[in-house]
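Worksheet for the structure shown next.
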Amino acid sequence: LQAILNYQQQQFLEAHAPTHYTTPNGQQIAITYTAHQAPSVHVILQEMFGQLSSPLLAQGQVPLCFTLLSPARRALQTTSDLAHFWRHSYFDVRKDMKGRYPKHRWPEEPLLASPGRSMKPKKA
Numbered sequence: 003l004q005a006i007l008n009y010q011q012q013q014f015l016e017a018h019a020p021t022h023y024t025t026p027n028g029q030q031i032a033i034t035y036t037a038h039q040a041p042s043v044h045v046i047l048q049e050m051f052g053q054l055s056s057p058l059l060a061q062g063q064v065p066l067c068f069t070l071l072s073p074a075r076r077a078l079q080t081t082s083d084l085a086h087f088w089r090h091s092y093f094d095v096r097k098d099m100k101g102r103y104p105k106h107r108w109p110e111e112p113l114l115a116s117p118g119r120s121m122k123p124k125k126a
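Count along the sequence shown from 1, add 2, and you get the number used in the numbering used here.
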């Protein structure tokens with residue numbers, strides 16, 4: 003597609019339908035576009051700590067859908083409303099995952115936690 007577009011059209015396309023999403027920690031994740039589903043990304047849940055709401059694409063018309071992954075990269079939940087996930091579903095996910103992955107961070111306040119590595123720091 004890029005080959006048939008001029009520079010101005012490429013810039014417009016990138017602004018409204020970007021190829022990558024940047025997590026709060028600065029990691030670039032490819033956005034998947036399909037014909038009959040919302041644009042989506044697969045990201046480890048801890049990478050999203052601090053992200054208050056789902057970003058909107060296409061001039062604020064289309065929410066980006068997140069498949070939030072466990073530390074083993076298994077799908078935990080899919081949502082296009084991160085604000086609702088943090089307020090409601092996260093606490094059930096946290097309860098289940100804290101026992102399964104005790105070495106990983108599962109803060110009580112995910113919006114105040116720093117995003118990034120899911121492992122707890124090693125004690126000195």
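Backbone N, C-alpha and C fix where the C-beta goes; we use that ideal spot for every residue, glycine too.
Per-residue DSSP class, three states only, for residue i
i      : result
Gln48  : helix
His2   : Residue 2 falls outside the range modelled here, since the chain spans only 3 to 126, and no answer is possible.
Ser42  : strand
Gln11  : helix
Ala115 : coil
Leu59  : strand
From the options, residue whose alpha carbon lies closest to that of residue i
i      : options                        : result
Met121 : Asn8, Pro109 and Leu113        : Pro109
Glu49  : Gly101, Leu59, Leu84 and Ile6  : Leu84
Met99  : Pro112, Gln63 and Ser72        : Ser72
Ser82  : Pro20, Arg75 and Leu58         : Leu58
Pro112 : Pro41, Tyr103, Leu66 and Leu54 : Leu54
Phe51  : Arg102, Arg96 and Leu15        : Arg96
Gln63  : Gly28, His18 and Tyr92         : His18
Neighbourhood of residue i by C-beta, 7 Å cutoff - its chain only, sequence neighbours within 5 removed
i     : result
Ile31 : His22, Tyr23, Thr25, Val43 and Val45
Trp88 : Pro112 and Leu113
Leu15 : Leu7
Alpha-carbon to alpha-carbon, residue j and residue i
i     : j      : result
Asp94 : Gln39  : 26 Å
Ala5  : Gln79  : 36 Å
Pro65 : Ser56  : 6 Å
Thr36 : Gly101 : 35 Å
Gln61 : Pro41  : 14 Å
Gln13 : Pro20  : 10 Å
His86 : Gln11  : 35 Å
Heavy atom of the ligand GTP within 8 Å of residue i beta-carbon
i     : result
His18 : Among the ligands in the structure shown, none appear at all, so the ligand GTP cannot be discussed.
Proximal residues to residue i (C-beta, below 6 Å), its chain only, five neighbours per side dropped
i      : result
Tyr103 : Pro73
Asn8   : none
Cys67  : Ala40, Ser42 and Ser82
Which residues DSSP lists as bridging residue i, in chain order
i     : result
Tyr23 : Ile31
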